[in-house]
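The block underneath contains the structure these notes are about, expressed in structure tokens.
In the numbering used here, the protein residues as written are 167 to 486.
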């Protein structure tokens with residue numbers, strides 16, 4: 167945890183996490199402390215790579231207003247060019263004592279990390295493990311003055327995945343919608359998080375089942391206008407995962423009630439999944455799920471925008 171007392175701020179912080187939300191929270195805490203000084207906000211400068219690195223260098227070697235500590239933040243520092251990262255590595259050896267440089271990274275790079283780790287500049291924030299995520303959601307609701315049980319927390323995670331930024335944003339939205347309620351149930355979550363966007367997901371997958379690429383892409387573009395790309399991606403993966411599970415349950419002779427229980431979904435929602443499985447055989451569902459998982463891996467290791475990667479995934483699913 168970063169010590170945010172002004173007098174104890176280090177000259178350099180390399181803040182690293184695979185979860186952008188945790189990086190934002192760490193920087194928010196640091197900025198809040200600096201901004202608490204008289205006119206402190208004037209001494210916070212922010213940049214985002216890729217960028218003209220000369221601007222960062224100028225900020226690092228000029229004094230802050232009223233001789234106060236200056237904080238220079240470089241977001242997406244892992245996207246710095248090799249020549250720029252080399253300059254940062256050299257700066258590690260003789261940082262300006264009147265400036266705090268904050269480097270925010272979601273990916274590890276040897277040039278930035280090797281010396282930062284050796285000099286104790288590195289601050290890593292790990293996401294909750296799978297078994298801890300439910301409690302994280304419960305705590306997040308609690309901070310908003312709401313109570314949810316573990317099953318309700320797991321339901322929200324099943325909708326959105328493990329992206330803390332998406333979860334935090336959705337929790338805030340749910341709490342605003344359910345302002346008068348203290349204890350929230352799955353039905354409350356479903357009312358907010360399973361409305362228009364989830365209907366569009368059903369429409370999108372129906373279009374894929376009917377081999378209508380134009381309609382599928384149209385539904386995808388509609389989702390892009392209303393939801394974050396990461397949320398859309400998880401919703402599509404979740405849809406195919408649940409369809410695959412529903413297909414197996416139907417093959418085993420389970421009733422609609424048993425399927426709803428197994429999926430941990432309201433009966434009317436489970437019925438929609440049962441109907442949608444008619445458009446796909448099992449091999450097609452397995453293939454679609456595989457394509458989406460491969461797309462996720464490729465997105466994490468390339469610079470391709472997620473929206474473009476999703477479009478290509480839909481095309482692959484129909485072409486197979």
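Just so it is clear, CB atoms sit at the ideal spot from N, CA and C, and this is done for glycine as well.
Predicted model only: the values in this text are computed from it and were never measured.
Can you check which of these residues, the options, is closest to residue i by C-alpha distance?
i: residue 368; options: 481, 406, 353, 213; result: 406
i: residue 313; options: 340, 336, 350, 415; result: 350
i: residue 431; options: 352, 342, 290; result: 352
i: residue 216; options: 227, 241, 464, 292; result: 241
i: residue 288; options: 176, 197, 415; result: 176
i: residue 344; options: 335, 334, 355; result: 355
i: residue 267; options: 298, 273, 397, 212; result: 212
i: residue 224; options: 427, 283, 262, 372; result: 262
i: residue 449; options: 433, 429, 441, 414; result: 414
i: residue 300; options: 218, 445, 277, 327; result: 327
i: residue 154; options: 255, 220, 207, 279; result: The displayed coordinates of the chain run from 167 to 486. Any statement about residue 154 would go beyond what the structure contains.
Please list the terminal residues of the continuous beta strand (DSSP E) segment that includes residue i.
i: residue 455; result: Unbroken run through residue 455 is the alpha helix (DSSP H), 448–466; no beta strand (DSSP E).
i: residue 290; result: 288–290
Between the alpha carbons of residue i and residue j, how many angstroms are there, rounded?
i: residue 258; j: residue 238; result: 14 angstroms
i: residue 379; j: residue 484; result: 7 angstroms
i: residue 468; j: residue 421; result: 44 angstroms
i: residue 339; j: residue 358; result: 8 angstroms
i: residue 403; j: residue 303; result: 21 angstroms
i: residue 418; j: residue 316; result: 29 angstroms
i: residue 188; j: residue 293; result: 8 angstroms
i: residue 395; j: residue 472; result: 6 angstroms
i: residue 184; j: residue 244; result: 12 angstroms
i: residue 465; j: residue 265; result: 35 angstroms
Among all the DSSP beta bridges, which residues are the ones paired with residue i?
i: residue 214; result: 241
i: residue 270; result: 181
i: residue 313; result: 349
i: residue 236; result: 265
Under DSSP, the alpha helix (DSSP H) around residue i begins and ends at which residues?
i: residue 388; result: 379–390
i: residue 493; result: Since the displayed the chain opens at 167 and closes at 486, residue 493 lies outside it and no answer follows.
i: residue 125; result: The shown model of the chain, from 167 to 486, leaves out residue 125, and the question about it has no answer.
i: residue 473; result: 472–485
i: residue 225; result: 219–226
For residue i, decide whether its Cβ has a neighbour in chain D, counting only Cβ atoms nearer than 8 angstroms.
i: residue 385; result: Reference to chain D is not applicable here, since this structure consists of a single protein chain.
**Asked** When the Cβ atoms of the segment 221–233 are set against those of the segment 309–327, are three or more pairs found closer than 8 angstroms?
**Response** Touching, no.
**Item:** Meets three-Cβ-pair contact criterion under 8 angstroms: the segment 425–445 and the segment 473–483
**Value:** For the pair of segments examined, the segment 425–445 was found not to touch the segment 473–483: the number of CB pairs separated by less than 8 angstroms stays below three.
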